[in-house]
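Colleague:
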Amino acid sequence: MYLRKFPRTSIKLINSFNILPVANFSDGGEVQKYKQPSDSMNEYAEKVKLYRKNIFEILATKRNTFMEWHKYSPMNVSVEGYRAWKAKMSLEREIFDQRFIKERHDILGDDIAAAHFIVYRNGRVRFKDNEKWIEKPPDEEDCFELPNKFVRNMYLEAIDASNTRIRHEGLVNLRNLKQLKWLSFMNCETADDWFVDRLSGEVQDTLEHLNLSNCTNLTKNSLSCFYRFKNLKRVLLHNVVKNKEFEFSCMLLEDAIPGLIIIY
């Protein structure tokens, strides 16, 4: 019986198990002929099977069993666990619903696309040179007052997103609004410091009036983002955090931005 071109490492590994005899190597790397063991064929076959089993157990990739994964990520089937899972799923759906859709902006333009985003999330909008606020009727699924195609020289001037659940992930839909001057997120429980930071990066050039009253998740740290608003004139912060640090930060902000009035 011959072993042809058997790797040296494998021969050494076989020898370490004391299962098969080690063949002698010639200078050319060929494995020379060696004698078959004196055991019977059945015993010899059993040793080969044992060798194969051991070698594959050593070289096989280690895989975690279900119980090992379960140990690190246990399944909580309690009432509290179900409520936490349900809240997590609701949050993921909310964030997905407010994602940026490029095709909508390509078809409608940035201003009308932003109007659709706000109106269909229970907000209302007003366009430039038009005093009428546009909102979706509560008993209807569509808002027919909003155009469904691009209209030249139709710019969004005011947005009222009070009592909505718009998150900071959804503020990317308000990009490139060149004529936006009035904005309200009053009573938005989803507005926090990250929200203001993202907002100051999207509508920083033209915004003049901002209402963040009753946004209870805001802290004094949100005021550090207001320096980005270049033309801000009036900010409403009723029922937000009130302490000496907050009041002092408001005073510094009013001194830093000429003409700014903060009401809290």
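Just so we're aligned, residue 8 is where the sequence shown starts under my numbering, counting upward by one.
C-beta atoms are modelled at their ideal positions from N, C-alpha and C, and glycine is treated no differently.
Only a predicted model underlies this, so the values are computations on that prediction, with no experimental measurement involved.
Would DSSP call F192 helix, strand or coil?
Modeller: The residue given as residue 192 occupies position 185 in the sequence shown. Looking at F192 - three-state DSSP - the assignment turns out to be coil, as it is neither helix nor strand.
Colleague: When you compare only the Cα positions, how much space is there between G266 and A91?
Modeller: Numbered from its first residue, the sequence shown carries residue 266 at position 259. Numbered from its first residue, the sequence shown carries residue 91 at position 84. Going from the Cα of G266 to the Cα of A91 covers about 46 angstroms.
Colleague: By a C-beta neighbour count over all protein chains shown, 10 Å radius and 16 as the cutoff for buried, is R131 buried or exposed?
Modeller: Sequence index remark: in the sequence shown, residue 131 carries index 124 (1-based). Buried is the call here.
Colleague: Using C-beta distances below 6 angstroms, list every residue in its chain close to D34, excluding the 5 sequence neighbours before and after it, in chain order.
Modeller: Position 27 of the sequence shown, counted from the first residue, corresponds to residue 34. Note that D34 scores a pLDDT of 47, beneath 50, so its modelled location is shaky and nothing firm can be said.
Colleague: Rounding to the nearest angstrom, what Cα-Cα distance links K251 and C195 in this structure?
Modeller: Indexing the sequence shown from 1 puts residue 251 at position 244. Indexing the sequence shown from 1 puts residue 195 at position 188. Cα-Cα distance, rounded: 24 angstroms.
Colleague: Answer yes or no: do L219 and L187 have a C-beta to C-beta separation smaller than 8 angstroms?
Modeller: Residue numbering aside, residue 219 sits at position 212 when the sequence shown is read from its first letter. Residue numbering aside, residue 187 sits at position 180 when the sequence shown is read from its first letter. No, the Cβ-Cβ distance between L219 and L187 is not below 8 angstroms.
Colleague: Pick from T223, D199, Y234: whose alpha carbon is nearest that of M258?
Modeller: As a working note, residue 258 is residue 251 in the sequence shown. Answer by Cα proximity: Y234.
Colleague: Runs of 3 residues minimum, wholly inside the segment 93 to 141: which ones carry the beta strand (DSSP E) assignment?
Modeller: List check, beta strand (DSSP E) in window: 131 to 134.
Colleague: Based on the DSSP secondary-structure assignment, which residues constitute the bridge partners of D167?
Modeller: On the sequence shown, residue 167 is found 160 positions in, with the first residue counted as 1. Answer is R131, S191, bridged to D167.
Colleague: Does the beta-carbon of K139 have 16 or more other beta-carbons within 10 angstroms, so that it is buried, or is it exposed?
Modeller: Within the sequence shown, the letter at position 132 stands for residue 139. Answer is exposed; the Cβ neighbour count stays below 16.
Colleague: Please state whether DSSP places N49 in a helix, a strand or coil.
Modeller: As a position in the sequence shown, residue 49 is number 42, starting the count at 1. For N49, the three-state secondary structure derived from DSSP is helix.
Colleague: Three-state secondary structure (DSSP) at H175?
Modeller: As a working mapping, residue 175 is identified with position 168 in the sequence shown. Helix at H175.
Colleague: Going by C-alpha distance, which of L230, D200, V179 is nearest V210?
Modeller: On the sequence shown, position 203 is the one that residue 210 refers to. The candidate whose alpha carbon is nearest that of V210 is V179.
Colleague: Could you tell me whether the segment 222 to 233 touches the segment 198 to 209, where touching means 3 or more Cβ pairs closer than 8 angstroms?
Modeller: yes
Colleague: With a threshold of 8 angstroms on Cβ separation, who are the neighbours of P154 within its own chain once the five nearest residues in sequence on each side are excluded?
Modeller: Numbered from its first residue, the sequence shown carries residue 154 at position 147. Close CB contacts of P154 within its chain, under the 8 angstroms cut and outside five residues either way in sequence, are with L115, I119, M161 (chain order).
Colleague: Between which two residues does the beta strand (DSSP E) holding R241 run?
Modeller: In the sequence shown, residue 241 corresponds to position 234, counting from 1. Residues 241 to 243.
Colleague: Among residues of its own chain, excluding the 5 on either side of K249, which ones have a beta-carbon nearer than 6 angstroms to its beta-carbon?
Modeller: As a working mapping, residue 249 is identified with position 242 in the sequence shown. Within the same chain, K249 has no close Cβ partners at all.
Colleague: In chain order, what residues of the same chain lie with their CB nearer than 8 angstroms to the CB of F134, ignoring the 5 residues before and after it?
Modeller: As a position in the sequence shown, residue 134 is number 127, starting the count at 1. Excluding positions up to five away in sequence, the list reads D118, A122, I141, M161, Y162, L163, E164.
Colleague: Going along the chain, which residues of its own chain have a beta-carbon closer than 6 angstroms to the beta-carbon of T197, five neighbours each way excluded?
Modeller: Here residue 197 is taken as the residue at index 190 of the sequence shown, counted from 1. Closer than 6 angstroms at Cβ, skipping near neighbours: R172, R174.
Colleague: For I166, which residues from the same chain have a beta carbon less than 6 angstroms from its beta carbon, with the 5 sequence-adjacent residues on both sides left out?
Modeller: For this step, residue 166 is matched to residue 159 along the sequence shown. So the list reads I125, V132, L190, once near-sequence residues are dropped.
Colleague: In whole angstroms, what separates the C-alpha of P144 from that of R128?
Modeller: The residue you call residue 144 lines up with position 137 of the sequence shown. The residue you call residue 128 lines up with position 121 of the sequence shown. Approximately 12 angstroms between the Cα atoms of the pair.
Colleague: Per DSSP, which residues does L217 bridge with? Please list them.
Modeller: Position 210 of the sequence shown, counted from the start, is the residue given in the question as residue 217. L217 pairs with L190, V242.
Colleague: Is it the case that the Cβ atoms of R241 and I264 are separated by a distance below 8 angstroms?
Modeller: Translated into positions along the sequence shown, residue 241 becomes position 234. Translated into positions along the sequence shown, residue 264 becomes position 257. Not closer than 8 angstroms, so no.
Colleague: Suppose the cutoff is 8 angstroms on Cβ atoms and the five residues either side in sequence are ignored; what does the same chain contact list for D212 look like?
Modeller: What you label residue 212 is simply residue 205 of the sequence shown in a count that begins at 1. Excluding positions up to five away in sequence, the list reads K185, K237, N238.
Colleague: Given that a residue counts as buried once 16 or more other Cβ atoms are within 10 Å of its Cβ, and exposed if not, what is H112?
Modeller: Stepping through the sequence shown from its first residue, residue 112 is reached at position 105. The residue is buried, with at least 16 neighbouring Cβ atoms inside 10 Å.
Colleague: Which same chain residues end up closer than 7 angstroms to N224 when comparing Cβ atoms and leaving out the 5 residues on each side of it in sequence?
Modeller: Working through the sequence shown from its first residue, we reach residue 224 at position 217. Within the same chain, N224 has close Cβ partners E196, A198, D199.
Colleague: Where do the ends of the alpha helix (DSSP H) carrying R205 lie?
Modeller: To locate residue 205, count along the sequence shown from 1; it is residue 198. Per DSSP, R205 is one residue of the alpha helix (DSSP H) stretching across 200 to 209.
Colleague: Taking Cβ positions, are F255 and C222 nearer each other than 8 angstroms?
Modeller: Walking along the sequence shown from the start, residue 255 turns up at place 248. Walking along the sequence shown from the start, residue 222 turns up at place 215. Taking a C-beta distance under 8 angstroms as the contact criterion, F255 and C222 do not qualify as a contact pair.
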